[in-house]
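In what follows, a single structure is set out as structure tokens and then discussed.
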Amino acid sequence: MSMLNQNRKFLITGASGYVGGRLVRTLVAENCDVRVFVRDRNKVNGQSWADKVEIAVGSANNREEVSKALVGIHTAYYLLHSINLGPKFDEIEAQMACQFAECAEAAGVKQIVYLGGIANDKNISKHLASRVSTGAELASTSVPVMELRAGIIIGSGSASFEMLRHLTHRLPIMTTPKWVMNKTHPIAIRDILYYLKKAAFLEKPINKIFDIGGPEVLTYADMMQKFASLSGLKKRWIIKVPVLTPGLSSLWIGLVTPVPTALARPLVGSLISEVVADPAKSINDVIALPPEGLTDVATAINLALSRITEHQVETRWSDATIPTAPWQKAQGDPDWAGEAVLRDRRERTTDIPAEKIWKQIESIGGENGWFGSDFLWWGRGVIDRFVGGVGLRRGRRDPDFLRVGESLDFWRVEVLERGHRLKLYAEMILPGKAWLEFIVEERDGKTHVIQEATFNPRGLGGQLYWYVISPFHLFVFPTMLRNIVKRAAKDA
Numbered sequence: 001m002s003m004l005n006q007n008r009k010f011l012i013t014g015a016s017g018y019v020g021g022r023l024v025r026t027l028v029a030e031n032c033d034v035r036v037f038v039r040d041r042n043k044v045n046g047q048s049w050a051d052k053v054e055i056a057v058g059s060a061n062n063r064e065e066v067s068k069a070l071v072g073i074h075t076a077y078y079l080l081h082s083i084n085l086g087p088k089f090d091e092i093e094a095q096m097a098c099q100f101a102e103c104a105e106a107a108g109v110k111q112i113v114y115l116g117g118i119a120n121d122k123n124i125s126k127h128l129a130s131r132v133s134t135g136a137e138l139a140s141t142s143v144p145v146m147e148l149r150a151g152i153i154i155g156s157g158s159a160s161f162e163m164l165r166h167l168t169h170r171l172p173i174m175t176t177p178k179w180v181m182n183k184t185h186p187i188a189i190r191d192i193l194y195y196l197k198k199a200a201f202l203e204k205p206i207n208k209i210f211d212i213g214g215p216e217v218l219t220y221a222d223m224m225q226k227f228a229s230l231s232g233l234k235k236r237w238i239i240k241v242p243v244l245t246p247g248l249s250s251l252w253i254g255l256v257t258p259v260p261t262a263l264a265r266p267l268v269g270s271l272i273s274e275v276v277a278d279p280a281k282s283i284n285d286v287i288a289l290p291p292e293g294l295t296d297v298a299t300a301i302n303l304a305l306s307r308i309t310e311h312q313v314e315t316r317w318s319d320a321t322i323p324t325a326p327w328q329k330a331q332g333d334p335d336w337a338g339e340a341v342l343r344d345r346r347e348r349t350t351d352i353p354a355e356k357i358w359k360q361i362e363s364i365g366g367e368n369g370w371f372g373s374d375f376l377w378w379g380r381g382v383i384d385r386f387v388g389g390v391g392l393r394r395g396r397r398d399p400d401f402l403r404v405g406e407s408l409d410f411w412r413v414e415v416l417e418r419g420h421r422l423k424l425y426a427e428m429i430l431p432g433k434a435w436l437e438f439i440v441e442e443r444d445g446k447t448h449v450i451q452e453a454t455f456n457p458r459g460l461g462g463q464l465y466w467y468v469i470s471p472f473h474l475f476v477f478p479t480m481l482r483n484i485v486k487r488a489a490k491d492a
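Residue 484 in the numbering used here is what sits at position 484 of the sequence shown, and the numbering runs on without skipping anything.
Following this line, the structure appears as structure tokens:
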């Protein structure tokens with residue numbers, strides 16, 4: 001670390017997200033003094049850098065918690081988004097940004113660095129307009145704001161890349177809206193991190209908007225063809241039709257890719273306009289190009305694919321918390337309505353070594369499946385996608401190892417005590433809250449396995465839901481535990 005940064009402390013918001021998690025690692029590698037601001041400490045405890053940073057826990061909507069997180073900070077990275085919080089997400093984002101700026105000013109923060117999106121076309125989506133508004137709110141106080149507006153991010157685990165990858169892989173013939181011919185200015189995640197890192201080392205604060213993009217400008221259709229070529233696929237047939245609106249396009253993407261409709265909608269909305277960097281907003285005079293130059297699209301795609309193949313995806317779009325659906329909150333229910341705890345508990349004792357049992361448990365989900373009755377899990381995932389949930393297609397980051405806070409199909413890892421306990425929280429749309437837990441213990445020289453599904457219903461509807469699906473539990477859960485032990489025995 002340079003002498004310039006020895007007395008600087010950096011705050012990274014959104015540290016459990018796709019860009020934020022990688023930025024923390026990047027700054028920690030530079031021996032920077034980093035504090036992360038997260039809603040849930042467990043979401044970052046599994047990260048390799050967790051013991052190398054200060055963790056501030058709080059909500060970006062809570063002024064007191066934001067103020068506390070900003071104490072002693074020189075540069076604050078603002079990487080927060082609220083696009084999944086309903087139709088008024090733009091108002092929520094503006095309020096959060098305004099409050100953050102006011103707290104930063106009161107705390108004496110010297111620099112705010114904000115990552116937004118390129119928005120030079122007059123015809124911009126509500127999502128991009130909100131990104132612009134967020135930057136304006138952050139710049140509403142005396143604290144200098146360095147706003148980096150980026151194009152589509154190409155990198156393993158990014159939502160934009162996953163959408164591109166799955167559309168191209170699964171659809172050799174596509175009927176597409178006319179926006180696939182709009183120009184885009186993609187940028188590799190490594191170059192995003194390069195600019196964000198360099199912003200920490202500036203000699204003096206910068207108060208300016210910059211557009212950042214890669215070395216190529218091309219259409220989304222060009223990107224799909226390039227991806228197909230690099231993946232060894234035949235050229236894709238793209239038939240443009242005028243009737244696919246952004247709303248219909250996002251529904252279609254939600255059906256054929258792991259990216260849920262709620263997240264696809266702002267991504268598609270960002271493509272309805274030309275997303276090309278303005279040379280007048282070049283950052284080159286402030287931050288020089290990387291020594292090896294910016295990463296071209298082909299190299300960025302190849303790097304992303306290699307990370308996926310080698311199971312080295314550090315962060316994913318799905319790492320961000322999925323907001324609770326309105327009907328899961330059930331605010332109108334009486335206090336007693338949610339107190340019931342319904343359980344399905346299964347136990348098994350075996351001579352198979354505990355480490356073999358655990359190996360199977362930690363590999364659950366994704367392409368590895370759910371140890372039998374996969375067609376029922378698939379059906380539940382389809383229903384969840386149909387009603388606006390995440391479904392099963394988020395998969396796993398790594399086929400063998402989990403970490404706290406990451407997504408696993410329509411679950412999220414809530415507790416992980418490797419070799420002993422795994423607890424998953426359900427992020428599917430439900431009339432209540434659900435968990436699936438596994439515990440492995442050694443007792444009297446034998447291995448004891450506990451598998452327990454827990455459901456906390458909200459109101460009468462939640463209780464009825466449990467009893468309606470209970471017959472399926474009688475088939476799914478015994479099969480799951482039996483096959484875990486069977487596969488472990490085969491492995492042993």
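Glycine is no exception: its CB is placed at the ideal position from the N, C-alpha and C atoms.
If you're wondering where the values come from, they're calculated on a predicted model, not measured in any experiment.
{"Asked": "Continuous alpha helix (DSSP H) assignments of at least 4 residues falling wholly in the stretch 106-139", "Found": "126-138"}
{"Asked": "For R63 and I92, the rounded distance between their alpha carbons", "Found": "14 Å"}
{"Asked": "Beta-carbon spacing of R345, E417 below 9 Å", "Found": "no"}
{"Asked": "Length at least 3, wholly inside the stretch 45-107: the beta strand (DSSP E) runs in chain order", "Found": "54-57 and 75-78"}
{"Asked": "Cβ-based burial, M181 [other Cβ within 10 Å; buried from 16]", "Found": "exposed"}
{"Asked": "CB contact flag (V259, H169, <9 Å)", "Found": "no"}
{"Asked": "Coarse secondary structure for S525, derived from DSSP in three states", "Found": "In the structure displayed, the chain extends from 1 to 492; residue 525 sits before or after that span and is not available."}
{"Asked": "Local conformation of L251 per DSSP, three classes", "Found": "helix"}
{"Asked": "Endpoints, beta strand (DSSP E) assigned at H420", "Found": "First-last for H420: undefined, no H or E at that position."}
{"Asked": "L11 classed as buried or exposed, judged by whether at least 16 other C-beta atoms fall within 10 angstroms", "Found": "buried"}
{"Asked": "Spatially closest choice to Y298 from W49, A188 and I192, by CA coordinates", "Found": "For clarity, residue 298 is Ala in the given sequence; the question names Tyr instead. Comparing Cα positions, the closest option is A188."}
{"Asked": "With 16 other Cβ atoms within 10 Å as the buried cut-off, status of L464", "Found": "exposed"}
{"Asked": "Spatial distance of G135 from E147 (CA atoms)", "Found": "7 Å"}
{"Asked": "Boundaries of the beta strand (DSSP E) in which N456 is found, first to last residue", "Found": "K446 to P457"}
{"Asked": "Between the CA atoms of G388 and T261 - distance to the nearest angstrom", "Found": "7 Å"}
{"Asked": "Unbroken stretches of the beta strand (DSSP E), 3 residues or longer, contained in the stretch 386-420", "Found": "411-417"}
{"Asked": "Touching by the beta-carbon criterion (3+ pairs, under 8 Å), the stretch 140-156 and the stretch 106-116", "Found": "yes"}
{"Asked": "Local Cβ density within 10 Å of W237, reported as buried at 16 or more and exposed below that", "Found": "exposed"}
{"Asked": "6 Å CB neighbourhood of V132 in its chain, flanking five on each side removed", "Found": "A119"}
{"Asked": "I154 in three-state terms, based on DSSP", "Found": "strand"}
{"Asked": "Buried/exposed call for R380, threshold 16 Cβ in 10 Å", "Found": "buried"}
{"Asked": "Helix, strand or coil at L430 [DSSP, three-state]", "Found": "coil"}
{"Asked": "Collapsed DSSP secondary structure at E203 in the structure displayed", "Found": "coil"}
{"Asked": "Counted within 10 angstroms of its Cβ, other Cβ atoms place F477 as buried (16 or more) or exposed", "Found": "buried"}
{"Asked": "Buried versus exposed, by CB contacts within 10 Å (16 or more), I364", "Found": "buried"}
{"Asked": "Terminal residues of the alpha helix (DSSP H) in which K178 lies", "Found": "Where K178 is concerned, there is no enclosing alpha helix (DSSP H), given that its DSSP letter is neither H nor E."}
{"Asked": "Bridge-paired residues (DSSP) for V440", "Found": "V449"}
{"Asked": "For W377 and N483, the rounded distance between their alpha carbons", "Found": "15 Å"}
{"Asked": "Extent of the continuous alpha helix (DSSP H) to which E347 belongs", "Found": "Note, E347: premise wrong, no alpha helix (DSSP H); beta strand (DSSP E) at L342 to T350."}
{"Asked": "For E442 and Q360, the rounded distance between their alpha carbons", "Found": "16 Å"}
{"Asked": "Where K235 falls: helix, strand or coil (DSSP)", "Found": "coil"}
{"Asked": "Rounded straight-line distance, which links the Cα of V241 to that of L402", "Found": "42 Å"}
{"Asked": "Cβ distance (whole Å) where I498 is taken to contact A159 below 8 Å", "Found": "This structure does not reach residue 498, given that the chain is present from 1 up to 492, and the question cannot be answered."}
{"Asked": "T13 - containing beta strand (DSSP E), residue span", "Found": "K9 to T13"}
{"Asked": "Span of the beta strand (DSSP E), counted from its first residue to its last, around F210", "Found": "K208 to I212"}
{"Asked": "C-alpha gap between L436 and L424, whole angstroms", "Found": "5 Å"}
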